[in-house]
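Asks: There's a structure below that I have some questions on.
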Amino acid sequence: MSQLFQLDFFLKDQASVDTFTDYMNRSMSEMTDDDFKEIARYVNQDDPHHLIFLVQWSTREAHDVWLEKESAKHEPWLERISGWSKKHPLTYKDKCTSIKPQFIIEKLEQLTKGDAIITTEVGQNQMWAAQFYRFNKPRHFVTSGGLGTMGFGLPAAIGAQMAFPDKIVIDIAGDGSIQMNMQELATARQEGLPVKIAILNNGYLGMVRQWQELFYDKRYACTNMEHAPDFVKLAQAFGAVGLRATLPEEVEPVLKEGLATPGPVIMDFAVEKEESVYPMVPAGAPITEMLL
701 MSQLFQLDFF
711 LKDQASVDTF
721 TDYMNRSMSE
731 MTDDDFKEIA
741 RYVNQDDPHH
751 LIFLVQWSTR
761 EAHDVWLEKE
771 SAKHEPWLER
781 ISGWSKKHPL
791 TYKDKCTSIK
801 PQFIIEKLEQ
811 LTKGDAIITT
821 EVGQNQMWAA
831 QFYRFNKPRH
841 FVTSGGLGTM
851 GFGLPAAIGA
861 QMAFPDKIVI
871 DIAGDGSIQM
881 NMQELATARQ
891 EGLPVKIAIL
901 NNGYLGMVRQ
911 WQELFYDKRY
921 ACTNMEHAPD
931 FVKLAQAFGA
941 VGLRATLPEE
951 VEPVLKEGLA
961 TPGPVIMDFA
971 VEKEESVYPM
981 VPAGAPITEM
991 LL
């Protein structure tokens, strides 16, 4: 049974239309698989920059064969990347006197065996979660990667928990972003959802602070969060459980207690205040000039 797909492309001007049309012509001419063909193409009469392509796979099996063939082309490159990752893994300088945010996420991954659904707020917490939580399954990392919406993590965790009531769902948050939608803790309580919130509390809007440190000689402006709420008391105000860790040796016990506690839990971790995310690429710089 054939499958028909409509591909819509919205281009900014006629020059882009001409360039893209030429590309599609060359791409289609290189297709040698008889099971795949272009059926038609149209220009939207109401919008001349809107191109519509209709393409057809004769069978689902043909699509799978094509996909397998295409995937095989990339295996050497993926193996090379994997080798680099093993030779040069992400790391950080640990301290005995203060909590490193990366350490928290590593412990979280160990305790959940990489099987939790992780949502994030936006900023350093988001970057560290992506770097140091090793996921075992796809579609378990829920983050606002494009728009970068502060406050995304807790509502997303609530939605994920509703969809997968038997899964461990954890919002990895910063002390800034969590304040955008912390009232949704009431929703979690109302619906009886056991979402866990791990706050990497450095007392700053961390990502902005990092830029001010690196590019503005530590002239910090509007990034200090010295008047943030007491998150343990905040949890208790909603009838949830609040826990706190201020030393590295307290991290694992707090995580274990938080994960084992029924219902929503806030785990507040007082982390290294001026810890930065690396690697990073300065604004306007090429990828070859990243900071390590």
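Be aware that the sequence shown starts at 701, since it is given in the working numbering, and climbs by one per residue. The beta-carbon is built from N, C-alpha and C at its ideal position, and this holds for glycine as well. In this text the structure is predicted, and so the values were computed from the model without any measurement.
I'd like to check one pair, Trp828 with Ile799: are the Cβ atoms closer than 8 Å?
Replies: Reading the sequence shown from its first residue, position 99 is the one you call residue 799. Reading the sequence shown from its first residue, position 128 is the one you call residue 828. In this structure, Trp828 does not lie closer than 8 Å to Ile799 by Cβ.
Asks: Quick one, which of Arg726, Gly963, Leu767 has its alpha-carbon nearest Ala886's?
Replies: Taking the sequence shown and counting its residues from 1, one reaches residue 886 at position 186. For the residues Arg726, Gly963, Leu767, the minimum Cα distance to Ala886 belongs to Gly963.
Asks: Considering Phe646, what are the terminal residues of the alpha helix (DSSP H) in which it resides?
Replies: Missing from the structure shown is residue 646; the chain here goes from 701 to 992 and no further.
Asks: Between the C-alpha atoms of His749 and Phe709, what's the straight-line distance to the nearest angstrom?
Replies: Locating residue 749 in the sequence shown gives position 49, where the first residue counts as 1. Locating residue 709 in the sequence shown gives position 9, where the first residue counts as 1. Distance between the alpha carbons of His749 and Phe709 is about 8 Å.
Asks: With contact counted as at least three CB pairs below 8 Å, one residue from each stretch, are the region 872-886 and the region 920-937 in contact?
Replies: yes
Asks: Closest to Gln879 by C-alpha separation, out of Ala985, Tyr904, Glu957, would be which residue?
Replies: Stepping through the sequence shown from its first residue, residue 879 is reached at position 179. Looking at the Cα atoms, Tyr904 is the closest of the given residues.
Asks: Going along the chain, which residues of its own chain have a beta-carbon closer than 6 Å to the beta-carbon of Leu854, five neighbours each way excluded?
Replies: For the purposes of this step, residue 854 is identified with residue 154 of the sequence shown, where counting begins at 1. Excluding residues within five positions, the ones whose Cβ falls inside 6 Å are Asp871, Asn881, Glu884.
Asks: Which same chain residues end up closer than 8 Å to Arg889 when comparing Cβ atoms and leaving out the 5 residues on each side of it in sequence?
Replies: Along the sequence shown, one-based indexing puts residue 889 at 189. Counting only Cβ-Cβ distances below 8 Å, and skipping sequence neighbours, we find Phe938, Gly939, Ala940, Gly963, Pro964.
Asks: Buried or exposed for Leu991, going by 16 or more other Cβ atoms inside 10 Å?
Replies: Within the sequence shown, the letter at position 291 stands for residue 991. Exposed, by the Cβ-count rule.
Asks: Assuming the contact rule is C-beta atoms closer than 8 Å, Ile897 and Phe969 should be a hit. Round their C-beta distance to whole Å, please.
Replies: What you label residue 897 is simply residue 197 of the sequence shown in a count that begins at 1. What you label residue 969 is simply residue 269 of the sequence shown in a count that begins at 1. At roughly 11 Å, the Cβ-Cβ gap does not stay under 8 Å, so Ile897 and Phe969 are not in contact.
Asks: Measure the alpha-carbon distance for Asn725 versus Leu808 and round it to whole angstroms.
Replies: What you label residue 725 is simply residue 25 of the sequence shown in a count that begins at 1. What you label residue 808 is simply residue 108 of the sequence shown in a count that begins at 1. Going from the Cα of Asn725 to the Cα of Leu808 covers about 50 Å.
Asks: For Arg889, which of helix, strand or coil comes out of DSSP?
Replies: Within the sequence shown, the letter at position 189 stands for residue 889. In the structure shown, Arg889 adopts helical secondary structure according to DSSP, grouped into three states.
Asks: If you follow the beta strand (DSSP E) that Leu900 is part of, which residue opens it and which one closes it?
Replies: The count along the sequence shown starts at 1 and reaches residue 900 at position 200. Note, Leu900: beta strand (DSSP E), 896-901.
Asks: Quick check on Gln714: buried or exposed, where buried means 16 or more other Cβ atoms within 10 Å of its Cβ?
Replies: Within the sequence shown, residue 714 is the residue found at index 14, counting from 1. Exposed, because fewer than 16 other Cβ atoms sit within 10 Å of the Cβ of Gln714.
Asks: Just verifying my parser: in three-state terms, what is the DSSP assignment at Val965?
Replies: Within the sequence shown, numbered from 1, the residue matching residue 965 stands at position 265. Three-state DSSP puts Val965 in a strand.
Asks: Compare the Cα-Cα distances from Met907 to each of Gln826, His840, Val951 and report the closest residue.
Replies: In the sequence shown, the residue the question calls residue 907 occupies position 207. Ranking the options by Cα distance to Met907, first place goes to Gln826.
Asks: According to DSSP, Asn924 sits in a beta bridge with which residue or residues?
Replies: The sequence position of residue 924 within the sequence shown is 224, counting from 1. Tyr904.
Asks: Please list the terminal residues of the continuous alpha helix (DSSP H) segment that includes Ile872.
Replies: Within the sequence shown, residue 872 is the residue found at index 172, counting from 1. No alpha helix (DSSP H) holds Ile872; the beta strand (DSSP E) holding it covers 869-874.
Asks: What is the DSSP secondary structure of Leu711, counted as helix, strand or coil?
Replies: Within the sequence shown, numbered from 1, the residue matching residue 711 stands at position 11. Looking at Leu711 - three-state DSSP - the assignment turns out to be coil, as it is neither helix nor strand.
Asks: Does the Cβ-Cβ distance between Leu959 and Leu811 come in under 8 Å?
Replies: If you number the sequence shown from 1, residue 959 lands on position 259. If you number the sequence shown from 1, residue 811 lands on position 111. Their beta carbons are under 8 Å apart, which means Leu959 touches Leu811 by this criterion.
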